[in-house]
Amino acid sequence: MAENKLGAYNIADLRDMARGHLPRAIFEFIDRGTEDDVALANNREAFDRIKLRARTLVDVSKRSQEITLFGNKQPLPIVIAPTGTAGLLWHNGEVGMARAAAAAGIPFTVATNSMTPMETIVREAGGRLWFQLYMWSDRRLSHQLVERANKAGFEALIVTVDGAVAANREFSHRNGFSVPMKLNSRLVADLMMHPRWLAGVYLRQLLTSGTPRFENYPPEIQDKITARTFKKSILKNDSLNWDDLRALRKLWPRTLMIKGTLHPEDAKLAADCGIDGLIVSNHGGRMLDSSLAPIDVLPSMVDAVGKKLTVMMDSGVRRGADVVKALALGAQAVLIGRATLYGTAAAGEAGATRAIDILREETDRIMALIGANNVAELDRKCLALPGEVTALGG
Ligand SMILES: Cc1cc2nc3c(=O)[nH]c(=O)nc-3n(C[C@H](O)[C@H](O)[C@H](O)COP(=O)(O)O)c2cc1C
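Sequential numbering of the sequence shown, starting at 1, is according to my numbering.
See below:
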């Protein structure tokens with residue numbers, strides 16, 4: 001068992017620590033969903049509705065969580081999802097998270113909206129790095145960003161496709177939170193109440209690298225988002241379509257995935273564009289409130305394209321049991337967003353490492369209790385889906 005120096009026994013403990021460290025505006029930004037947080041809550045409820053079938057007297061003494069993803073072996077079936085603004089949680093937070101992933105032998109995804117330049121993460125963290133792309137309305141600038149990621153040596157590109165327009169995060173408007181930060185009286189009061197964060201993260205960042213900003217943005221966009229007349233439409237692309245994906249397929253030479261698809265018909269269209277993988281996701285409940293939970297649609301996505309594409313999922317994973325349920329329903333791997341964000345906000349790299357350790361140990365324990373020695377043994381027979389329990393009298 002990994003040492004628990006932080007005293008965090010589960011991801012919920014790391015969340016509590018994150019809440020204590022962060023200004024409310026930033027904590028809510030990472031923790032909440034959108035509008036009424038319906039999708040956020042349902043992501044968890046959907047996992048909890050699925051039950052695991054315990055097995056006994058199976059020799060499970062040689063357990064392994066190793067998987068092969070896009071031809072590469074990795075010791076755990078998890079990947080760190082792209083999460084923009086993670087650099088605001090801890091000084092050098094994105095590098096810390098990437099280092100934790102590298103030490104665990106799992107991929108880390110650098111977000112377009114990272115607060116650390118992609119090249120710095122490559123240089124300072126190493127390990128297996130994926131890059132996540134938000135297509136801007138100016139395709140030329142987006143393609144230049146893809147070329148930059150290619151040159152930096154990223155092993156895979158994830159195109160996020162669930163953000164045609166900006167999410168309606170009313171709490172962030174109320175909290176006055178945006179990047180670059182525009183201080184209003186409410187935000188100033190909030191920051192003052194968190195002196196450890198203010199000194200250790202914000203002021204330190206100001207002194208070392210200047211105002212926190214989206215470092216992967218080219219100067220053309222950077223100039224615009226700091227301008228008073230900034231219009232969010234520059235950052236969003238409501239005309240993105242399958243032709244854009246085909247163009248990216250021509251541009252990107254290595255593994256290409258899309259993230260944010262929840263409809264089997266979209267999955268088939270994606271497969272026709274020649275991509276390699278898809279991530280079934282509702283953005284952790286942060287985009288379309290009342291969206292279906294990815295874990296509920298996962299089986300239909302695997303049925304639609306599982307033979308052609310590598311299907312993964314995210315949204316709501318907080319326990320090893322969730323990892324096991326997703327794998328048993330056909331996901332090849334699971335992405336985690338908030339789990340490592342809470343860890344990073346609690347204690348930087350050590351906290352991200354703790355989050356990964358917690359998920360590793362919980363997954364291992366669940367595998368033992370349901371009689372599985374390896375990931376290939378996880379399938380529908382390990383589960384009782386809603387409705388099945390009574391039918392089987394189990
Ligand atoms: C604070 C935060 C920032 C995020 N930023 C991005 C992003 O820039 N690009 C993206 O594709 N997804 C982003 N996501 C979504 C995650 O990649 C992932 O889909 C989601 O967090 C998974 O749900 P979970 O947090 O319940 O694990 C973000 C999520 C959070 C919590």
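Ideal placement from N, C-alpha and C gives every residue a C-beta, glycine not left out.
Quick caveat, the model's predicted, so the values are computed rather than measured.
The three-state secondary structure of K51, taken from DSSP, is strand.
With 16 or more neighbouring CB atoms inside 10 Å of its own CB, W136 falls in the buried class. The beta carbon of D162 sits closer than 6 angstroms to those of G260, H283 and M287, all from its chain and outside the five residues before and after it, given in chain order.
Ranked by Cα distance from R63, the first of V389, C382, P386 and N374 is N374. Between the alpha carbons of R53 and A368 lies a gap of roughly 12 angstroms.
Beta bridge pairing from DSSP links N72 with L69.
When C-beta atoms of the region 111-127 are compared with those of the region 203-222, three or more pairs fall below 8 angstroms, so the two segments count as touching. By the Cβ rule, the region 256-276 counts as touching the region 301-309, because three or more pairs are nearer than 8 angstroms. Note that the region 183-200 touches the region 18-35; at least 3 beta-carbon pairs, one per stretch, sit closer than 8 angstroms.
By the Cβ-count criterion, L206 is exposed, with fewer than 16 other Cβ atoms from all chains shown falling within 10 Å of its own Cβ. Beta-bridge annotation (DSSP): F108 is paired with I80 and L129. In the structure shown, the three-state DSSP call for G260 is strand. Residue state for V311 is assigned as strand, using DSSP reduced to three classes. In this structure, T56 sits away from L341, with a CB-CB distance that is not shorter than 7 angstroms. If you ignore the 5 residues before and after L383, its C-beta comes within less than 6 angstroms of the C-beta of I50 and A328, all in its own chain and listed in chain order.
At a Cβ-Cβ threshold of 7 angstroms, R169 and G176 do not count as neighbours.
For G371, the secondary structure class from DSSP, reduced to helix, strand or coil, is coil. G277 sits in a strand when the DSSP states are folded into three classes.
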